[in-house]
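Quick note: the sequence shown uses my numbering, first residue -6, plus one each step.
Here the structure comes first, spelled out in structure tokens, and everything after it is commentary.
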Amino acid sequence: MKIKVKSPANIAFIKYWGQADHRLTLPCNSSFSMNLSNCSVTVEIEKTQSLSDSRLFIKEYEAVDYIENTTSAYKKTMKFFKTAQDFLGKKAEFGIKVKSSITFPRSAGIASSAAYFSALALGFSKLLEVELDKKQLSILARLSGSGSACRSVPDGFVLWHKGRSSETSFAESLADPDYWQITDLVLILSKTSKKVESAEGHLKADTSPLFAERLYGVEKRLKLMLTAFKHKDLELFGHLVESEALSMHAVMMSQKPNLYYWSTKTFALLRRITALRQKNGLPVYFTIDAGANIHLITERRFLKQIISEFSAFLTISNKSAKGAEVI
Ligand code: DP6
């Protein structure tokens, strides 16, 4: 039996940073995101005969072949396979062979783990022959420990309700991919992996003196952003997206130990984006996850012009996409 699943990465407009419950991966605030059409992970899962025979093969961005991975990615996959069995209430009487390939640089602030673990959540539930609805599947993806994976399960534009328990912390689609022609043009400034994983960073978010202030402001921003989203008000939406990214990075930079994900290139480009808006009137806004790369948020009709402004960079252009699916 072989299952093939494709799942998108997602970009958060309202970010998830900090956990209310580490064991259950419950976030301190709700978050809002869009699935990315051209940044995805495909996994192929196959049963192997003996329980002890489990292997993981990974094909990196731009690589030709799969390479066997025996280190941390393997351990995380096996740990999640166990979590999935507990969640689904079914024991696997077999081992697994997983092959995974990715369309973008891993660990560079483009949510590769979100795409990977949401794909595994769907793949494992199919392998164990348990049908889950999207809500339950998002909960299972969240329990992988890569919380934002839950947002890659539903389609299009997705809200992750922070909840107060495992059952109430889930993601749901607020609109289909074609609701609004929002585009995310990722500027790849660096292909190297981030030094501190988000999982580690979340644990220390509350050591920042700005964290309590952020939690107060983020609820207001989310409410306002959903209004901007409803009216497709790009200007208000974009300004909120930027404020939100800056708020999260201010917390990251001021938590202990400090987390600086930006590079000098990132900083220089932020100024350029603001200038493009002010001088050329181009409605383009930035957001940044846990990495140096920048996501440029705009509407599709402005994309050509924006790409020409950033032609010196490697870019990946994304529209909103469906969530995890069997292919
Ligand atoms: C900065 O713990 O879900 O991207 O396991 O690295 O995928 P990974 O991250 P996770 O935290 C995501 C943090 C964030 C903001 C966001 O996507 O909301």
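Note that beta-carbon positions come from the ideal geometry of N, C-alpha and C, so glycine has one too.
Under the rule that 16 or more other beta-carbon atoms within 10 Å means buried, what is residue i, buried or exposed?
i	result
GLY11	buried
MET(-6)	exposed
GLY274	exposed
ARG293	exposed
GLU24	Residue 24 is actually Ser in this sequence, not Glu. Buried is the call here.
PRO250	exposed
SER158	exposed
ILE95	buried
THR63	exposed
VAL319	exposed
THR161	exposed
HIS242	buried
ARG16	exposed
LEU289	buried
LEU307	exposed
GLU55	exposed
SER43	exposed
ALA205	exposed
SER166	buried
ILE4	buried
THR257	exposed
ALA314	buried
LYS127	buried
ILE266	buried
ILE60	exposed
LYS272	exposed
THR280	buried
LYS75	exposed
SER65	exposed
LYS297	exposed
ALA261	exposed
ARG264	exposed
Would a C-beta distance cut-off of 8 Å place residue i and residue j closer than the cut-off?
i	j	result
LYS(-1)	ALA112	yes
GLY316	SER201	no
GLY194	MET245	yes
LEU182	SER310	no
GLY88	SER47	yes
LEU180	PHE303	yes
GLN248	LYS197	yes
ALA2	SER33	yes
ALA114	ALA168	no
LEU227	PRO147	no
VAL57	SER93	no
PHE6	SER30	no
ALA107	ALA164	no
GLU39	LYS90	yes
GLU235	TYR172	no
Would you list the residues sitting across from residue i in a DSSP beta bridge?
i	result
TRP153	SER24 and ALA164
PHE50	GLU61 and LYS92
SER304	Per DSSP, none; premise fails for SER304.
LEU29	SER313
PHE279	LEU289
LEU326	Residue 326 falls outside the range modelled here, since the chain spans only -6 to 320, and no answer is possible.
ASP14	LEU19
THR41	GLY88
THR35	LYS(-1) and SER94
ILE7	PHE25
GLU318	LYS(-1)
Residue i and residue j look like a contact to me (Cβ under 8 Å); what is the Cβ gap, rounded to whole Å?
i	j	result
ILE(-4)	GLY116	5 Å
PRO170	LYS312	7 Å
THR259	ILE287	6 Å
THR18	GLY156	THR18 to GLY156, Cβ: 11 Å. No contact.
LEU233	MET218	5 Å
LEU133	LEU125	7 Å
TYR254	ALA283	5 Å
PHE80	PHE110	Contact doesn't hold; Cβ gap of about 13 Å is too wide.
THR220	THR291	With a Cβ gap of about 20 Å, THR220 and THR291 do not count as contacting.
VAL151	ASN28	7 Å
GLU237	ASN22	Going by Cβ atoms, the distance from GLU237 to ASN22 rounds to 10 Å, so no, they are not a contact pair.
Within 8 Å (strictly less), CB to CB, does residue i reach chain B?
i	result
LYS72	This model lacks chain B altogether, as it is built from one protein chain only.
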